[in-house]
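Undergrad: Protein chains in written order, with the working numbering: chain A, 1 to 382; chain B, 383 to 493. Heads up, the beta-carbon is just placed ideally off N, CA and C, and yes, glycines get one too. What follows is a structure written as structure tokens; I'll ask about it next.
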Amino acid sequence: MRRILLSLAAALLLAGCATTELRGTGDLGIVIERANGRVAIVDTTTKSILGSVAGLGDLSHASAVFSRDGRYAYVFGRDGGLTKVDILAQRIDKRVMQAGNSIGGAISQDGRLVVAQNYTPGGIKVFDATTLELLSEVPAQSKVVGLVDLPGQKFAYALFDKGEIWVTDLSNPRQPQTQKFPAGQQPYDGLVTPDGRYYMAGLFGEDGIALLDTWQSEQGAKKILENYGKGQEKLPVFKMPHLRGWAVAGNQAYLPAIGRHEVLVVDKSSWKEVRRIKVKSQPVFVMARPDGRQVWVNFAHPDNGWVQVIDTLTGEVVKTLQPGKAILHMEFTPRGEHVWLSARDDHTVAIYDTHSYERIATLPAQSPSGIFFTSRAARTGF
Amino acid sequence: MQRFFFGLIFASIATLACATQAREPNGIDSPELVRLVRQDCGSCHGMTLQGGLGVPLTKEALAGQSAEALAIIILHGKHGTAMPPWKTLLTEAQAQWIAQRLVEGFPEETR
Numbered sequence: 001m002r003r004i005l006l007s008l009a010a011a012l013l014l015a016g017c018a019t020t021e022l023r024g025t026g027d028l029g030i031v032i033e034r035a036n037g038r039v040a041i042v043d044t045t046t047k048s049i050l051g052s053v054a055g056l057g058d059l060s061h062a063s064a065v066f067s068r069d070g071r072y073a074y075v076f077g078r079d080g081g082l083t084k085v086d087i088l089a090q091r092i093d094k095r096v097m098q099a100g101n102s103i104g105g106a107i108s109q110d111g112r113l114v115v116a117q118n119y120t121p122g123g124i125k126v127f128d129a130t131t132l133e134l135l136s137e138v139p140a141q142s143k144v145v146g147l148v149d150l151p152g153q154k155f156a157y158a159l160f161d162k163g164e165i166w167v168t169d170l171s172n173p174r175q176p177q178t179q180k181f182p183a184g185q186q187p188y189d190g191l192v193t194p195d196g197r198y199y200m201a202g203l204f205g206e207d208g209i210a211l212l213d214t215w216q217s218e219q220g221a222k223k224i225l226e227n228y229g230k231g232q233e234k235l236p237v238f239k240m241p242h243l244r245g246w247a248v249a250g251n252q253a254y255l256p257a258i259g260r261h262e263v264l265v266v267d268k269s270s271w272k273e274v275r276r277i278k279v280k281s282q283p284v285f286v287m288a289r290p291d292g293r294q295v296w297v298n299f300a301h302p303d304n305g306w307v308q309v310i311d312t313l314t315g316e317v318v319k320t321l322q323p324g325k326a327i328l329h330m331e332f333t334p335r336g337e338h339v340w341l342s343a344r345d346d347h348t349v350a351i352y353d354t355h356s357y358e359r360i361a362t363l364p365a366q367s368p369s370g371i372f373f374t375s376r377a378a379r380t381g382f
Numbered sequence: 383m384q385r386f387f388f389g390l391i392f393a394s395i396a397t398l399a400c401a402t403q404a405r406e407p408n409g410i411d412s413p414e415l416v417r418l419v420r421q422d423c424g425s426c427h428g429m430t431l432q433g434g435l436g437v438p439l440t441k442e443a444l445a446g447q448s449a450e451a452l453a454i455i456i457l458h459g460k461h462g463t464a465m466p467p468w469k470t471l472l473t474e475a476q477a478q479w480i481a482q483r484l485v486e487g488f489p490e491e492t493r
């Protein structure tokens, strides 16, 4: 009898272990700790840090994409390191040094290819997502910005020094086919609309945005929001804005102006400017909450302690917050009830309720910058 | 009396030594400026100053350039590039301090 009880207890214990070990990754994410070459693994349900993974090199400018199963994060570091992090096991699965100076990357529609965009040497490199084996590369003789995945194993990106948009087809990943389109002066970043159709490159060297309809790419890139500065002298831009598909809220896109303290709103069917919204300073991230009702904006140095919220129904700033020192990045939970903000100089991550604007939690992190949740795995252009 | 003088001199030297660590003459808060360069200039030039969208600012990359010329670029920006003028945020003395240290090899953050 005693034996039976013992084995029953053992079985219960095992069952207990099994339930704590099995879990999904849909509510997990990573926070880049830029000064330490480390990422923290976070849980958005319990609003806690589960662990951290070190040894990722120079993360002074880092970004990440996720495998389609949401288990692995591919982290692109400034020093050209590409690290595949196993979020569940909390360890590095694979790591390669793939360039001298890198800025980010993207993952293909089918999740089998990871592509890095590099400054030195300029161009893109294509890797097998499982093994990180180098499959091919497209040299560009220019810094590459704004790399995004497109449907059909394609990738779009912009060339800062050449003023072009390139679309590379990786249907055969060892033989890239590239189309080139003139875009405008000094594209600084790019985005694709959430449906994967329109690629936009923000221009730094002139007022405007280059727009390519990838469904009809033979028509080439056209310019929208041209001359939004109306020849006025630009205010200094102490940090480059960042673009991604989060710019789109409903039928409108919200884009940072360059050298003007404004958010520009364009209608997504006519691509005409419909409004401009005065904000606190030079916008850096202009991010729509996943439902599109709000747009959150952070700012360049020296106003990076501020965050403003735009109500997309009225087009007005409805809230101004000071969540901490040097707010570098924001990330919404998958359905947008919370937003996580990194406060680099406070060494904290602040979590806000997006309905009440109440701060609901604060987590410690060393010089946090980018925050990336696994829900990006299912979104084109993330 | 002699002891008093010694004490006074010693205390003054100690204060001075401390002051030079954090604050240089003409009111330059050096740790603050080191942080600004590493973190905020670093968003374009890289935290390690190896370059990014902006050019590298390592000692090797700046070889042959004068601190005076760099200070002018810091204050007034560089036309045709993304380098903004910092004159609204930095004094001439601060720009000169940064430029001089860049040419010599920029210090690491200590806090």
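Taking only runs that begin and end inside the region 69–110 of chain A, name each unbroken beta strand (DSSP E) of 3 or more residues, in chain order.
TA: With a minimum length of 3 residues, the continuous beta strand (DSSP E) runs that stay inside the region 69–110 of chain A are 72–76, 81–86, 91–97 and 101–107.
Undergrad: Can you pull the chain B neighbours of P302 (chain A), defined as C-beta to C-beta under 7 Å?
TA: Chain B residues near P302 (chain A): L471.
Undergrad: What number of angstroms, rounded off, separates the C-alpha of A257 (chain A) from the C-alpha of F181 (chain A)?
TA: Roughly 23 Å between the two C-alpha positions.
Undergrad: Based on Cα-Cα distance, which residue from A:V274, A:A249, A:K280 and A:R275 lies nearest to G259 (chain A)?
TA: Considering only alpha carbons, the answer is A:K280.
Undergrad: The alpha helix (DSSP H) with R244 (chain A) in it runs from where to where?
TA: Segment: none, R244 (chain A) is in no alpha helix (DSSP H) and carries neither H nor E.
Undergrad: Check whether chain B comes within 7 Å of P121 (chain A), counting only Cβ atoms and requiring the distance to be less than that.
TA: It does not; no Cβ of chain B falls within 7 Å.
Undergrad: Tell me the DSSP secondary structure of S269 (chain A) in three-state form.
TA: It is coil, neither helix nor strand.
Undergrad: Is T492 (chain B) close to the ligand MN? I mean its beta-carbon at under 6 Å from any heavy atom of the ligand.
TA: Looking for the ligand MN in the displayed structure turns up nothing, as the structure carries no ligands at all.
Undergrad: Closer than 7 Å, CB to CB, is K162 (chain A) near chain B or not?
TA: No, K162 (chain A) does not count as interfacial toward chain B.
Undergrad: Would D411 (chain B) pass as an interface residue toward chain C - the criterion being a Cβ-Cβ separation below 7 Å?
TA: In the displayed structure, chain C is absent; the protein chains listed are A and B.
Undergrad: Can you have a look at E316 (chain A) and say buried or exposed, based on whether 16 or more other CB atoms are within 10 angstroms of its CB?
TA: Exposed, since its Cβ has fewer than 16 Cβ neighbours within 10 Å.
Undergrad: How about G446 (chain B): is its C-beta nearer than 7 Å to some C-beta of chain A?
TA: With 7 Å as the cut-off, G446 (chain B) does not count as an interface residue toward chain A.
Undergrad: Roughly how many angstroms lie between the CA atoms of Q403 (chain B) and D303 (chain A), to the nearest whole one?
TA: Legend: pLDDT at Q403 (chain B) = 47, less than 50; position of this residue unreliable, value from coordinates given subsequently. Roughly 28 Å between the two C-alpha positions.
Undergrad: Can you give me the Cβ contacts of N251 (chain A) inside the same chain, cut-off strictly under 6 Å, excluding the 5 residues immediately before and after it?
TA: Taken in chain order, the residues that qualify are K268.
Undergrad: Could you please tell me which residues of the region 235–247 of chain A, in chain order, have their CB closer than 8 Å to any CB of chain B?
TA: So the list reads P236, V237, F238, K239 and M240, given in the order they occur along the chain.
Undergrad: Which of the three DSSP states is assigned to L22 (chain A) in this structure?
TA: Note: L22 (chain A) maps to coil in three-state DSSP.
Undergrad: Starting from T430 (chain B), find everything on chain A with Cβ-Cβ shorter than 8 Å and list it in chain order.
TA: Going along chain A in sequence order, the residues near T430 (chain B) (Cβ under 8 Å) are D58, S60, R78 and D79.
Undergrad: Which chain A residues sit within Cβ distance under 8 Å of G487 (chain B)?
TA: What G487 (chain B) touches in chain A: nothing, since even the nearest Cβ is about 18 Å away.
Undergrad: By alpha-carbon positions, which one of A:W246, A:G55, A:I49 and A:G81 ends up nearest to D195 (chain A)?
TA: Comparing Cα-Cα distances from D195 (chain A) to each of A:W246, A:G55, A:I49 and A:G81, the minimum goes to A:W246.
Undergrad: When burial is assigned at 16 or more other CB atoms within 10 Å of the CB, is D311 (chain A) buried or exposed?
TA: Flag for D311 (chain A) reads exposed.
Undergrad: According to DSSP, what are the bridge partners of Q282 (chain A)?
TA: DSSP output for Q282 (chain A) lists no bridge partner at all.
Undergrad: Do G205 (chain A) and A158 (chain A) count as a contact pair if the criterion is CB distance below 7 Å?
TA: In this structure, G205 (chain A) does not lie closer than 7 Å to A158 (chain A) by Cβ.
Undergrad: Less than 7 Å separating the beta-carbons of V148 (chain A) and T178 (chain A)?
TA: No, these two residues do not count as a Cβ contact at 7 Å.
Undergrad: Please determine, among A:A89, A:G57, A:A140 and A:D69, the residue with the shortest C-alpha to C-alpha distance to V75 (chain A).
TA: If we check each option's Cα against that of V75 (chain A), A:G57 comes out closest.
Undergrad: R197 (chain A): which of A:K272, A:K325, A:S171 and A:V167 sits nearest, CA to CA?
TA: Ranking the options by Cα distance to R197 (chain A), first place goes to A:V167.
Undergrad: Given that R34 (chain A) touches chain B, what residues does it touch there, using C-beta distances under 8 Å?
TA: Within 8 Å Cβ-Cβ: M429.
Undergrad: Residues of chain A with CB under 8 Å from A464 (chain B), in chain order?
TA: In chain order: Q186, Y188, F204, V237 and M240.
Undergrad: Could you pull out every unbroken beta strand (DSSP E) segment of at least 3 residues lying fully inside the region 312–371 of chain A, listed in chain order?
TA: Fully enclosed beta strand (DSSP E) runs of 3 or longer: 316–321, 327–332, 338–343, 348–353 and 359–364.
Undergrad: What does DSSP give as the partner residue(s) for M287 (chain A) in the beta ladder?
TA: Looking at the DSSP assignment, M287 (chain A) forms a beta bridge with A:W296.
Undergrad: On the DSSP bridge assignment, give the partners of E137 (chain A) in chain order.
TA: Looking at the DSSP assignment, E137 (chain A) forms a beta bridge with A:K125.
Undergrad: List the residues of chain B that N101 (chain A) touches, going by C-beta distances under 9 Å, in chain order.
TA: Result: G428, Q432, G433, G434 and P438.
Undergrad: Please report the Cβ distance between P283 (chain A) and V31 (chain A), rounded to the nearest whole angstrom; I am assuming they are in contact, meaning their Cβ atoms lie under 8 Å.
TA: Wrong, their Cβ atoms sit about 22 Å apart, outside the cutoff.
Undergrad: Pop quiz: G29 (chain A) and T45 (chain A) are said to be a contact at Cβ under 8 Å. What is the actual Cβ separation, rounded to whole angstroms?
TA: That belief does not hold up - the Cβ atoms of G29 (chain A) and T45 (chain A) are roughly 11 Å apart, past 8 Å.
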